[in-house]
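Asks: So the sequence lines, in the order shown, correspond to chains A and B.
Using the numbering used here, read the first sequence as starting at 4 and increasing by one per residue.
Using the numbering used here, read the second sequence as starting at 204 and increasing by one per residue.
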Amino acid sequence: MTNHWIDMINADVVMIMGGNPAEDHPISMNWLTRTKERGAYILHVDPRFNRTSSIADVFAKLRSGTDIAFVGGMIKYAIDNNRIQQEYVREYTNASWIVGDGYGFADGLFAGFDPAKKSYDRARWVWALDGQGQPRRDPTLKHPRCVFQLLKAHFSRYDVDTVCRITGTPKEAYLRVCDLYTSTFAPDRAGTWLYAMGTAQHSHGTQNVRSYAILQLLLGNIGVAGGGVNAMRGESNVQGSTDQGLNNDILPGYLRTPVEADTDLARYLKRVTPVAANPQSVNWLQNTPKYVVSLLKAWWGEHARPDNDFAFAYLPKLGQGFQGQGYAFLALTHAMLAGDVKGLFCVGQNPAVGGANARLIRAGLDKLDWMVVVDLFEHETAGFWKRPGVDPAKIPTEVFVLPATSAVEKEGSIVNSGRWAQWRSRAVKPIAACRPDLEIIDGLAKAVKRGYEKDGVFPEPIRHLAWDYGHEADPHKVARELNGRYLADVTQPDGTPVAAGKQVPGFAQLRDDGSTMSGNWIYCGGYTEEGNLAARRDATDAVNGIGLYPKWAWVWPMNRRILYNRASVNRKGEPFNPRKWVIRWNAEKKAWEGDVPDGAMPPGEMNPFIMLASGVGQLYAPEMVDGPFPEHYEPVESPVRNPLSKVQSSPCAQVWQSTEFDRYGTAEVFPIVATTFRVSEHWQTGAMSRNMPWLVGLVPSAFVEIGTALATREGIKSGDRVIVSSARGSIEVYALVTERFQPFFVDGRLIDEIGLPWHWGYAGIVPGDIANDLTASVGDANTQIPETKVFLCNLRKKSPT
Amino acid sequence: MTTPSAKPKAMIQDNTRCIGCRACMIACKSWNNRPADHTEFFAGAGYQNPIDLDANNYTLITFNEIVTGAQPDWVFGRQLCMHCEHPACASACPTTALTKTALGPVVFNESRCIGCRACMQACPFLIPKYDYENLNPKIHKCTFCADRIEAGLKPACATVCPTGAISFGDRDDMVAEAKRRIATAPGTYIPEIYGLDEVGGTSVLHLSSVPFEQIGYITGLPKTPMPDLTHRWLRVTPHFFALLYAVFGALTWIMHRRSSRSESKGDTM
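1. Label B:Ala510 either buried or exposed according to how many other C-beta atoms from any shown protein chain fall within 10 Å of its C-beta, with 16 as the threshold for buried.
2. Check whether the Cβ atoms of A:Asp124 and A:Gly115 lie closer than 7 Å to each other.
3. So which of A:Glu381, A:Pro406, A:Val376, A:Glu475 has the shortest CA-CA distance to A:Glu414?
4. Report, in whole angstroms, the separation of the C-beta atoms of A:Asn573 and A:Asp598, which I expect to be a contact under 8 Å.
5. Classify B:Phe338 as buried or exposed, calling it buried when 16 or more other Cβ atoms lie within 10 Å of its own Cβ.
6. Within 10 angstroms of the Cβ of A:Gln204, are there 16 or more other Cβ atoms? Answer buried if so, exposed if not.
7. Taking Cβ-Cβ distances shorter than 7 Å, what residues in chain A pair up with B:Gly367?
8. Below 8 Å CB to CB, which residues in the same chain sit around A:Ile253 once its five sequence neighbours on both sides are set aside?
9. Closest by CA to B:Asn252, which one among B:Thr265, B:Thr455, B:His286?
10. Which residues in the same chain have their Cβ closer than 6 Å to the Cβ of A:Val227, if we skip the five residues on either side of it in sequence?
11. Between which two residues does the alpha helix (DSSP H) containing A:Gly700 stretch?
12. Compare the C-beta of A:Tyr737 against all C-beta atoms of chain B and say whether one is closer than 7 Å.
13. Ends of the alpha helix (DSSP H) at A:Ala2?
14. Measure the C-alpha to C-alpha separation of A:Lys273 and A:Tyr623 and round it to an integer number of angstroms.
15. List the endpoints of the continuous alpha helix (DSSP H) containing A:Asn568.
16. At what residue ranges does the stretch 555-609 of chain A contain a whole run of the beta strand (DSSP E), taking only runs of 3 or more?
17. Which residues of chain A have a Cβ atom closer than 7 Å to the Cβ of B:Pro275, listed in chain order?
18. How should A:Ala39 be labelled, buried or exposed, when 16 other C-beta atoms within 10 angstroms of its C-beta is the threshold for buried?
19. For A:Glu708, count the other beta carbons within 10 Å of its own beta carbon; 16 or more makes it buried, fewer makes it exposed. Which is it?
20. Let's test the definition: count the other Cβ atoms within 10 Å of the Cβ of B:Thr387 and tell me whether it reaches 16, buried, or not, exposed.
21. Using CA coordinates, which residue listed in A:Gly668, A:Ile768, A:Leu713 is at the minimum distance from A:Leu795?
22. Is the beta carbon of A:Met11 closer than 7 Å to that of A:Tyr184?
23. Would A:Gln651 and A:Ala331 be called neighbours here (beta carbons separated by less than 7 Å)?
24. Listing by chain order, which chain B residues have their CB less than 7 Å from the CB of A:Pro770?
25. Per DSSP, what kind of secondary structure is A:Gln89 in: helix, strand or coil?
26. Between A:Asp378 and the rest of its own chain, which residues show a CB-CB distance below 7 Å, the 5 nearest in sequence each way excluded?
27. Is A:Tyr198 closer than 7 Å to A:Gly21 when the C-beta atoms are compared?
28. Taking just the CA atoms, how far does B:Ala291 sit from B:Leu447?
29. By how many angstroms is the C-alpha of A:Gly722 removed from the C-alpha of B:Tyr335?
30. By the DSSP assignment, the beta strand (DSSP E) with A:Arg799 in it spans what residues?
31. May I ask you to list, following chain order, the residues of the stretch 681-701 of chain A that have a beta carbon less than 9 Å from some beta carbon of chain B?
32. Would A:Pro696 pass as a contact of B:Ala246 if the rule is Cβ separation under 7 Å?
33. Could you confirm whether any beta carbon from chain A is found closer than 7 Å to the beta carbon of B:Phe244?
34. Among residues of its own chain, excluding the 5 on either side of A:Tyr472, which ones have a beta-carbon nearer than 7 Å to its beta-carbon?
35. State buried or exposed for A:Phe3, treating a residue as buried only when at least 16 other CB atoms are found within 10 Å of its CB.
36. Is B:Glu268 close to chain A? Criterion is C-beta to C-beta, closer than 7 Å.
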C-alpha cells in the first residue's frame with residue numbers, strides 16, 4: 004500500500020474493486036466501519052454481491068476481466084467533467100510532458116508491436132527532448148502531444164454506454180460510482196482505492212493497477228491522507244516475503260536480480276541504477292550501488308571485497324528461463340512437468356490446490372526426484388503421491404515433510420499490507436516435533452555449508468556465505484542484519500565518528516565502499532542502536548491526528564507511514580487539505596512536521612515521486628511492456644468479441660500452449676464465465692482451515708455460486724450436485740443458488756457468470772474437488788501472474804445414478 | 204482486566220455493521236467448549252450453518268437475501284439469548300436453574316436442570332435448546348459470558364467481532380448509543396431497537412437496516428414482561444387456596460355441626 008489500513012478512516016470515498024475485505028481481510032473492516040460512521044461512502048465493484056457488498060453504499064457489478072473498461076470510463080468522466088486536481092496534475096505528474104513522434108495507438112495496438120515476438124519496441128514510446136536532452140513540457144496541458152492530451156484522446160473511446168456494454172454494469176449504478184468517486188478531486192476530499200487478487204490475477208493485471216494509479220493521480224489522491232493505491236495483500240506475510248526478495252526477479256528491498264548479461268558489478272549497477280530524467284528529480288534509487296554493496300557484504304562478509312567485485316560473481320544470474328519464458332510460477336510448473344526440475348522445496352505453499360492449472364502442477368510433482376514440504380499439516384501437495392486416481396508405487400519422488408510451527412508458536416515480525424512490521428513474541432511452545440521456519444532453514448544452510456567444506460562444484464558462494472544466527476537461530480540476529488551495521492570505524496557527513504559494530508541508523512548512511520552491511524536496505528532504520536523498533540506498542544497518535552501512530556511498530560521506509568507525502572503539499576509546503584494534513588513545512592523552525600517527509604529537503608522545485616527516475620507521477624508509463632496506457636482487452640478465454648478494438652486479448656500475455664494440459668476453450672462449448680473467490684471461514688487452499696472442525700462445520704463442502712436465472716434454466720436447486728467443466732478438466736461440487744449473482748448484459752446479450760471458492764482439495768477433514776483444475780496457464784505480460792480470476796466453463800446438473 | 208461497574212450490562216447487535224463472518228459463533232464455541240457441527244452443505248440462504256440455535260451453538264448468524272427490484276442485498280442477523288430483564292424462562296423453571304443476575308446475564312445452573320423444558324415453552328424468543336442426543340439432557344443457551352463479565356472482560360463474541368457490530372457496556376449507555384446511531388444516520392437504520400421494550404426490555408439491543416422479520420427475528424411481541432401475564436393470576440394462588448381452605452373449612456364445620464346436631468336429637472331413621 005502507498006498508505007496503510009488505519010488511514011482508511013480519512014477517506015471521503017472508499018473504492019473497493021477486485022477485492023473482498025469483509026471476507027478476506029475482516030480485521031480491516033474495523034477501519035472501514037469507522038470511516039462509514041464519519042460519513043464516507045463505500046463503493047464496491049465486483050462480479051458478485053458478497054459480504055463486502057453488504058456494507059457498501061453502492062454496489063456496481065462488472066463482468067470479470069473488464070476493470071480497465073470500467074476505470075477507463077471513470078478517467079474519461081473525470082476529464083470531461085473537469086474533476087481534476089489541477090495544481091497537483093500540472094506540478095506532480097507527467098501530464099505536461101511531451102511524447103515523441105514515435106508513439107501512437109490505433110486499432111487496439113500501440114506503436115512498435117512485433118507480432119512475431121509478441122512484444123513492443125518501447126523505444127518508440129520515448130519523450131520528445133529539448134536541446135538539453137530533457138523531456139519537453141507544456142504546463143498549459145494543451146499541446147496535442149502532451150501526456151494529458153494523449154491520455155484524454157486514448158480514453159475518449161470509453162464513454163458510459165460503451166463501458167457498460169463491455170462490463171455489463173447497470174448504467175445508473177455506474178454513473179453513481181463515477182460521480183461519487185471523482186468528487187474526491189477536490190483538495191479537501193480524498194478517495195482511497197483498495198484492491199486485491201480480483202485486480203491482479205489477470206492477463207492484464209498490471210495494467211488494471213495502472214488504471215487505478217492514473218485515476219488517483221488525476222484526482223490528486225496519492226500521498227494524501229485517505230488516499231493512495233492500496234493493495235490488500237493476499238497472505239499473512241506476503242508483504243514481508245516480497246520485501247525480502249522471495250520473487251525470482253528481485254533481491255531484498257526490491258533491487259533487481261542480476262541477469263546473465265551482467266558480467267560484473269559495474270555493468271549490473273549501470274543497468275539497474277536509474278538516471279534522473281531531469282534536475283527536479285531526486286531519483287532516490289541513484290543510491291542503488293550503496294544498497295547492493297551493503298547486501299553483498301551482509302551475505303559474504305569478509306569475502307566480499309573491493310578487489311573481487313564484492314563477491315558479485317557469487318550471485319546467481321537469471322537466464323532466459325524455461326523455454327525462454329523466465330522463472331515465475333507458470334514457467335516453473337511447466338519446467339517441472341518437462342522433468343527439468345530435480346527437487347523442490349515447498350515451504351508454506353500448496354500448489355497442488357492453489358496454483359493455476361492444478362492438474363498440470365500435480366503431474367509435474369510426479370516428475371520430481373525429491374520434494375521437501377515445510378508446513379503445518381500434510382496438505383494436498385505433501386500427499387500428491389497418494390491423491391485419488393494415482394498409484395503411489397508408480398511415483399518415484401522421495402517426499403520429506405518437515406512439520407512447521409504456526410505464527411503464534413514462534414517469535415518474529417509480520418509485515419501487513421500497510422508496510423507495518425509488527426514484532427510478535429512467542430505465545431505458546433511448539434507441539435511435538437514442529438519447528439519454526441527459521442530453525443529449519445538455518446539447519447539446512449548449516450548442513451549444506453558443512454557439505455561444501457571439502458568439495459563441490461563452484462563451492463565458494465556457499466563456503467564463504469556469512470551465516471551466523473546463533474546455535475539456535477535467533478530472529479533478532481536476522482532482524483539486526485537486515486537493518487545492517489558498520490563494518491569499520493567511519494565518520495558521518497556531519498563529522499560525528501561511528502564505531503564499527505554499531506547498527507546503521509538509516510539507509511541514507513549506507514555506503515558502497517564495503518564499510519557498511521545491510522541485509523535489506525528498506526529495513527535499515529528498523530533495528531537500530533535504539534532497539535527493535537518493530538516491537539514498539541505506543542498508541543499515541545502524531546500531532547496531525549490522522550491515525551499515523553508513529554510509535555506503534557515500525558514502517559518501511561524510515562517509519563514513513565504515507566508514501567509520496569510531499570505530493571500532499573504545494574511547492575511552499577502548505578497542505579492541500581489543512582484539515583487532514585500529512586506533512587507541513589514549519590517556516591520558523593525550518594523543518595517538516597507530521598509524517599516522515601518523503602524526501603527531507605525543504606519545499607521547492609524538487610518533485611515528490613522520489614522513487615521514480617522522472618520524479619513525477621506517471622500518467623504515461625513507457626516502462627510497461629504492454630503499453631504506456633492501459634487498454635481494455637478481453638480475457639484470454641472470453642465469451643464476447645472485444646467491442647472496443649480488433650485486438651481480442653492482451654497481445655503480450657504469456658499464454659502457455661506446449662503441453663496436453665494447456666488447452667483453451669471457446670464460448671461455443673464453454674459459454675459461461677467463471678471466476679474464483681474466497682470465503683471468511685476458510686484460508687487459501689484450506690491446508691489449515693479444513694483441518695479445523697469448527698470452521699469446517701460452518702462451511703463444509705466445495706460449492707459453486709450460481710445465479711437464479713441460470714439455475715432455473717438448468718433445473719438446478721441449491722444443494723444439487725453439479726459438474727463444472729473447462730477445457731482443462733471438470734469438477735463436481737454443490738450448487739448454491741443465489742440472487743446475488745445475476746447475468747451481465749454485454750454487447751446486446753446476457754452472459755452468465757459463476758463463482759468457485761478454491762479452498763478445497765483431497766486432504767483435510769472434508770475433501771472437495773479442486774477449483775484450480777479448471778484455470779489456465781495464462782500469465783500477465785509484465786509479471787506473469789496467472790489469470791485465475793476469469794476463464795470459460797460450462798455446467799450441468801449431475802444426473803442421479 | 205478492570206473491576207466492572209456494578210450497573211447492569213447490555214450488548215448492541217448492530218446488523219448494519221455485521222459482515223456475517225461468524226467469528227462470534229466460533230469464539231462462543233471456544234469459550235463454552237462446544238463441539239464442532241457435522242454438516243454437509245448450508246442450512247439457510249447463503250452460507251448459514253446450522254439452521255437454528257442448538258445445544259452446540261449458543262449464537263447463530265442468519266443469512267438473508269433480500270431483493271428490492273433488481274438490487275440484491277445480503278443482510279445478516281444474530282440469534283442469541285436476549286437476557287431479558289424479566290425472564291420468562293426463570294419464572295417458568297421449577298427448580299430455579301435459571302436466574303437473572305444483577306449484572307444482567309440470565310445464568311443457567313446445569314446441576315439444577317431436570318430437563319423438563321418448561322423454559323423452552325415459556326421463552327418468547329425460542330432460545331433455550333435441548334440436548335436431545337444426551338442421555339442426561341439439559342437445556343443450553345448463551346450465558347452472556349457471565350464469568351467473563353464478572354472478571355471485567357467483554358463477552359467472547361463482543362471481543363472478537365472485527366467490525367464493532369457487537370458493543371458491550373452498561374445498559375444505560377448501550378441504550379443511549381443505540382438511539383444516537385439511529386438519530387445520526389436515519390437512512391441507515393430502521394427506527395427500531397429490538398429488545399428495548401419487548402417483553403419488558405432485554406439486555407441485547409438489535410439494530411437493523413431492514414424490518415426485523417425479514418432477517419429471522421420473532422416480532423410482534425408484547426411489551427408486557429412474560430411473567431406478568433401469568434403473575435396476574437398466579438399471584439392470586441395462595442389467596443385462592445386460602446379462600447378455598449376457608450370455604451371448605453367453613454362448609455366442613457357447617458356439615459359437621461349439622462350431623463352432630465342431628466345425632467344429638469336422636470334421629471334413628
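Glycine included, every Cβ here is placed at the ideal spot set by N, Cα and C.
Replies: Taking the structure as given:
1. It is not possible to answer for residue 510 of chain B, since the shown part of chain B is limited to 204 through 472.
2. In the first sequence, residue 124 of chain A corresponds to position 121, counting from 1. In the first sequence, residue 115 of chain A corresponds to position 112, counting from 1. Going by C-beta atoms, A:Asp124 is nearer than 7 Å to A:Gly115.
3. Position 411 of the first sequence, counted from the start, is the residue given in the question as residue 414 of chain A. That would be A:Glu475, whose Cα lies nearest to the Cα of A:Glu414.
4. Counting from 1 along the first sequence, the entry for residue 573 of chain A is found at position 570. Counting from 1 along the first sequence, the entry for residue 598 of chain A is found at position 595. Not really, about 17 Å apart at Cβ, beyond 8 Å.
5. Here residue 338 of chain B refers to the residue found at position 135 of the second sequence. For the sequence presented, residue 338 of chain B should be read as Leu rather than Phe. The Cβ neighbour count for B:Leu338, taken over all protein chains shown within 10 Å, is under 16; the residue is labelled exposed.
6. Numbered from 1 along the first sequence, position 201 holds the residue referred to as residue 204 of chain A. Buried.
7. Position 164 of the second sequence, counting from 1, holds the residue named residue 367 of chain B. Ordered by position in chain A, the residues that pass the 7 Å Cβ test against B:Gly367 are Asn33, Thr36.
8. Counted from its first residue, the first sequence places residue 253 of chain A at position 250. So the qualifying residues of the chain are Thr245, Arg259, Thr260.
9. Start at 1 with the first residue of the second sequence, and residue 252 of chain B comes out as number 49. If we check each option's Cα against that of B:Asn252, B:Thr265 comes out closest.
10. Numbered from its first residue, the first sequence carries residue 227 of chain A at position 224. Answer for A:Val227: Ala193, Ser571, listed in chain order.
11. As a first step, residue 700 of chain A is located in the first sequence; it is residue number 697 there, counting from the start. Run containing A:Gly700: 696-701, per the alpha helix (DSSP H) assignment.
12. Residue mapping note: residue 737 of chain A aligns to position 734 of the first sequence, counting from 1. So, interface residue.
13. Shown here, chain A extends from 4 to 804; a query on residue 2 of chain A therefore has no answer.
14. By one-based count along the first sequence, residue 273 of chain A stands at place 270. By one-based count along the first sequence, residue 623 of chain A stands at place 620. The straight-line gap from Cα to Cα measures roughly 24 Å.
15. Taking the first residue of the first sequence as position 1, residue 568 of chain A is located at position 565. Taken as a continuous stretch (DSSP letters only), A:Asn568 belongs to no alpha helix (DSSP H), as it is neither H nor E.
16. Entirely contained in the stretch 555-609 of chain A, the beta strand (DSSP E) runs reaching 3 residues are, in chain order, 586-589, 594-597.
17. Numbered from 1 along the second sequence, position 72 holds the residue referred to as residue 275 of chain B. Those within 7 Å of B:Pro275 in chain A are Phe52, Glu742, Arg743.
18. Taking the first residue of the first sequence as position 1, residue 39 of chain A is located at position 36. A small correction: the amino acid at residue 39 of chain A is Lys; Ala does not occupy that position in the sequence shown. By the neighbour-count rule (16 or more Cβ atoms within 10 Å), A:Lys39 is buried.
19. The residue you call residue 708 of chain A lines up with position 705 of the first sequence. A:Glu708 is classed as buried because its beta carbon has at least 16 other beta carbons within 10 Å across all chains shown.
20. The sequence position of residue 387 of chain B within the second sequence is 184, counting from 1. Counting Cβ neighbours within 10 Å, B:Thr387 comes out exposed, since fewer than 16 surround it.
21. Your numbering for residue 795 of chain A matches position 792 in the first sequence. Considering only alpha carbons, the answer is A:Gly668.
22. The sequence position of residue 184 of chain A within the first sequence is 181, counting from 1. The sequence position of residue 11 of chain A within the first sequence is 8, counting from 1. Against a cut-off of 7 Å, the Cβ pair of A:Met11 and A:Tyr184 comes out as no contact.
23. Indexing the first sequence from 1 puts residue 651 of chain A at position 648. Indexing the first sequence from 1 puts residue 331 of chain A at position 328. A distance of 7 Å or more separates the beta carbons of A:Gln651 and A:Ala331.
24. The residue you call residue 770 of chain A lines up with position 767 of the first sequence. Within chain B, no residue comes near A:Pro770; the closest Cβ sits about 13 Å away, beyond 7 Å.
25. Taking the first residue of the first sequence as 1, we reach residue 89 of chain A at position 86. Helix, per DSSP.
26. Looking up residue 378 of chain A in the first sequence gives position 375. Listed in chain order, the non-local C-beta contacts of A:Asp378 below 7 Å within the same chain comprise Gly351, Ala385, Ala407, Ala690, local neighbours out to five positions each way being set aside.
27. Within the first sequence, numbered from 1, the residue matching residue 21 of chain A stands at position 18. Within the first sequence, numbered from 1, the residue matching residue 198 of chain A stands at position 195. Against a cut-off of 7 Å, the Cβ pair of A:Tyr198 and A:Gly21 comes out as a contact.
28. Within the second sequence, residue 447 of chain B is the residue found at index 244, counting from 1. Within the second sequence, residue 291 of chain B is the residue found at index 88, counting from 1. When rounded, the distance between both Cα atoms is 28 Å.
29. Start at 1 with the first residue of the second sequence, and residue 335 of chain B comes out as number 132. Start at 1 with the first residue of the first sequence, and residue 722 of chain A comes out as number 719. Going by the C-alpha atoms only, they are around 26 Å apart.
30. Taking the first sequence and counting its residues from 1, one reaches residue 799 of chain A at position 796. Its beta strand (DSSP E) spans residues 794-800.
31. Close to chain B, meaning a Cβ-Cβ distance shorter than 9 Å, are the following residues of the stretch 681-701 of chain A: Val682, Ser683, Glu684, Met695, Pro696, Trp697, Leu698, Val699, Gly700, Leu701.
32. In the first sequence, the residue the question calls residue 696 of chain A occupies position 693. In the second sequence, the residue the question calls residue 246 of chain B occupies position 43. Against a cut-off of 7 Å, the Cβ pair of B:Ala246 and A:Pro696 comes out as no contact.
33. On the second sequence, position 41 is the one that residue 244 of chain B refers to. At least one chain A Cβ lies under 7 Å of B:Phe244.
34. Locating residue 472 of chain A in the first sequence gives position 469, counting from the first residue. Closer than 7 Å at the Cβ level, and outside the excluded window around A:Tyr472, lie Asp445, Lys480, Val481.
35. For chain A, the structure presents residues 4 to 804; residue 3 of chain A sits outside this window and is missing.
36. Against the second sequence, residue 268 of chain B aligns to sequence position 65. Put simply, the CB of B:Glu268 is near chain A, with a gap under 7 Å to one of its CB atoms.
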